[in-house]
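So our numbering is basically just the index in the sequence shown, starting at one, shifted up by 560.
Every residue gets a Cβ at the ideal spot worked out from N, C-alpha and C, and that includes glycine.
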Amino acid sequence: MCSHSPLIISGTSFNVSEEKTYCPLGYFPCGNLSMCLPQLMHCNGVDDCGNEADEENCGDNNGWPHLFDKYFGMPIIDIGTKSDKCLLGAVPEPCQCRDLELDCDGAQFHHVPAVSINVTMICSPQHTNSMNVCNILLPYYFRYLQHNRIRAVSPNAFRGLYNLTRLYLSYNKISILMPGVFQDLHKLEWLILENNSIHQISPTTFSGLRSLVLLVLLNNALTKLDDICLEMPRLNWLDMEGNQIESVGNVTFWSCNMMTVLSIEGIEIGNIQRRMFEPLKHLTHIYFKKFQYCGYAPHVRSCKPNTDGISSFEDLLANIVLRVFVWVVSATTCFGNIFVICMRSYIRSENKLHAMCIISLCCADGLMGVYLFMIGAYDLKFRGEYNRHAQAWMDSVQCQVIGSLAMLSTEVSVLLLTYLTLEKYICIVYPFRYLTPGRRRTVSILLSIWFIGFVIAFLPLVFKGLFRNFYGTNGVCFPLHSEQPETTGAQVYSIVIFLGLNLVAFLIIVLSYGSMFYNIQRTGTQTTKYSNHIKNEVTIAKRFFSIVITDSLCWIPIFVLKILSLLQVEIPGTISSWVVIFILPINSALNPILYTLTTRPFKETILQVWENYRQRRPLMSSHPAHHPSLTLQEMWPLQENSQTLTSPGDNLTHPLEMSCTISCTSGTSQPLPVESTNPK
């Protein structure tokens, strides 16, 4: 009877036999220890097993050379046993022959040369003219017929080459391989076809390759695959990276029972399913384009990549700082804007229409807080096992809706700030030509802005065929940067929104505030009426600077990121995550502070409320019933001081606290106090 010891899997204890450790699906043993760890804890750079077994055979620097030695077992060539005499008879004129090896470096063949059936190597090493290079290198470094101009391979090109073991046809211009072209290469173990233009192959293309263990089809133009291993039962290593395959069939790897390494990096598998990889029972290393795909191959110990810079195997937000600050920023944004919406009713506004615009702006900014809150909530939901749900999450309706809310918040906020900035610009720069907009016009403009925002945000959801998964390109559901190839419609749409509409709005805001500051300064120095304003220019400049700098901090990084993305510059996913969590919500978080909390009416309201409270406190115990309503006093705290607050000398402590003049129908004009909370 076998003795048993405990097996710990994610905090759960199991009894296992000491003869062999059996682990559940998605878990792998720690060498000779009776402990299993999940896939995400293997090859993550941390010794989780305690004996470093989980970090062995993990990647190119460790696992691959080991696999070469183990499965291919090619010894170093014994130079001393080779003859300098050519044993191949007649050879092509540009080539050099030694023993049974042929060196055709620099031959620039347009077709595969006819050579003796006894040849064992056809060597064409790049950047060398020395025959010795072929003799001193390990066999898997040889390059056969490489860097030529071969466009087609005749069905008889390799006829009779029964002893050939390695064939390199890489860096040519081959576009198609005919069925049966390799049928006589019964001993061929390596076939390297990388960097060609092959766009079509069939299972019978590789008929005869019963001994093949390594097939490299890197960087070709293949668009589909059938049962790739049907004629290659011993295929151990397959590299398909950099092809144009859009879908993988359920039978593509049906016959690949012996495969241990599969590289399909750079391939977008839109129809990915777990059963596609179930036939690969012996697979130990798999390389995908996106780490989210690893959840569909839970039986493979080493799956790369481990992260996209935003998410990881374990968490939707890979960085602990992001996981903390997503809650901080969402709380600041949500509560700040809700507080402003509630407090607006306590501020006596001379211009209710501007107050309506401020509340509308707060609603838009509040949606950004809701978006961040939802991202944080789903990060908690998927904590420790995100990779199992990653692809389903990014394809889900929830992710699409959350991304749409973020886009709606962004675009409505941008349009509102642009409108309010232009309104204030006209009021200050052209005061005698400025007519206060009526309620109907203001409501119409606000409704139009929200309508445009909804169209921009939800258009990608309506036309799925044109935009595909526009919001589901990453775990945070925001289309700031996509490593996936976008459709033409999605790419044009993204450019028009981020580098068209938003860039123009940003320039309007910056230039308008610059012009406003210039006009205020000029008016203060030329007009006696505004002589008291000169001393406040520094304060005004600081206010203007704070408004412009927040816009700049928010949008300049986004513009740069979109331009780099358009130029196809590789952008780490970590940058995108920091931009979405920290930079994008800057305006949404700071707008309540800039447009309400630091304005003078709000400060006056707070002071008045506090003063009322202090005055009521001594009276509450003796005459609580006869004291005036606190609510009434808080609602109208500035009523008694309205004349004082609108005096010219006081109204320039904030750039938005200025008097505009309007032309009346009688031809006269009078000062109109503009609410200090009027935003850009």
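- About 5 Å separates the CB atoms of residue 749 and residue 725; that is less than 8 Å, so the two are in contact.
- With respect to the 9 Å criterion, residue 868 and residue 841 are not classified as neighbours on the basis of their beta carbons.
- Proximity to residue 897 across 784, 917, 921 peaks at 921, based on C-alpha coordinates.
- With contacts defined by Cβ atoms closer than 9 Å, residue 983 and residue 1013 do not form a contacting pair.
- The beta carbon of residue 1059 is closer than 8 Å to those of 1119, 1122, 1123, 1126 in its chain, skipping five residues each way along the sequence.
- Residue range 593 to 598 is occupied by the beta strand (DSSP E) that includes residue 598.
- Note on residue 1011: under 16 other CB atoms within 10 angstroms of its CB, so exposed under the neighbour-count rule.
- From the listed residues 754, 716, 1033, the smallest Cα separation to residue 708 is found for 754.
- Excluding its 5 nearest sequence neighbours in each direction, residue 859 has C-beta neighbours in its own chain below 7 Å: 585, listed in chain order.
- Excluding sequence positions up to five before and after residue 890, its CB lies within less than 7 Å of the CB of 929, 932, 933, 936, all in the same chain and listed in chain order.
- Going by C-alpha positions, residue 728 is about 37 Å away from residue 1033.
- For residue 867, the secondary structure class from DSSP, reduced to helix, strand or coil, is strand.
- Under the DSSP assignment, residue 887 falls in the alpha helix (DSSP H) whose first and last residues are 880 to 903.
- Across the structure, residue 738 and residue 1009 are spaced so that their CA atoms are roughly 60 Å apart.
- If you ignore the 5 residues before and after residue 900, its C-beta comes within less than 6 Å of the C-beta of 922, 1152, 1156, all in its own chain and listed in chain order.
- Within the same chain, Cβ atoms closer than 7 Å to the Cβ of residue 746 are found at 722, 768, 770, 771, the five residues on either side in sequence being excluded.
- Residue 819 and residue 792 have their alpha carbons spaced roughly 10 Å apart.
- In terms of CA proximity to residue 716, 740 leads the group 740, 960, 1112, 864.
- Comparing alpha carbon positions, the residue from 925, 1080, 812 closest to residue 976 is 925.
- In this structure, residue 1035 sits near residue 950, with a CB-CB distance shorter than 9 Å.
- The C-beta distance from residue 927 to residue 965 rounds to 5 Å, short enough to meet the 8 Å contact threshold.
- Residue 857 is classed as buried because its beta carbon has at least 16 other beta carbons within 10 Å across all chains shown.
- Annotation: the continuous alpha helix (DSSP H) that includes residue 921 extends over 912 to 941.
- The Cβ-Cβ distance between residue 795 and residue 774 falls below 9 Å.
- In the three-state scheme derived from DSSP, where H, G and I count as helix and E and B as strand, residue 614 is classed as helix.
- Apart from sequence neighbours up to five positions away, the residues of its chain that approach residue 1065 with a beta-carbon distance below 8 Å are 974, 975, 977, 978, ordered along the chain.
- Here the C-alpha atom of residue 1025 lies approximately 30 Å from the C-alpha atom of residue 864.
- Counting the other CB atoms within 10 Å of its CB gives residue 833 a total below 16, which places it among the exposed residues.
- For the 9 Å CB-CB criterion, residue 785 and residue 799 do not form a contact.
- Boundaries of the beta strand (DSSP E) harbouring residue 590: 587 to 590, taken from the DSSP string.
- In the three-state scheme derived from DSSP, where H, G and I count as helix and E and B as strand, residue 1111 is classed as helix.
- Here residue 1009 carries a helix assignment [DSSP, helix/strand/coil].
- Pairing residue 1145 with residue 893 gives a Cβ-Cβ distance under 9 Å.
- Burial check for residue 810: the Cβ neighbour count within 10 Å stays below 16, so the residue is exposed.
- Taking C-alpha positions only, residue 807 is separated from residue 759 by approximately 15 Å.
- Nearest Cα to residue 838 within the set 827, 823, 830, 816: 816.
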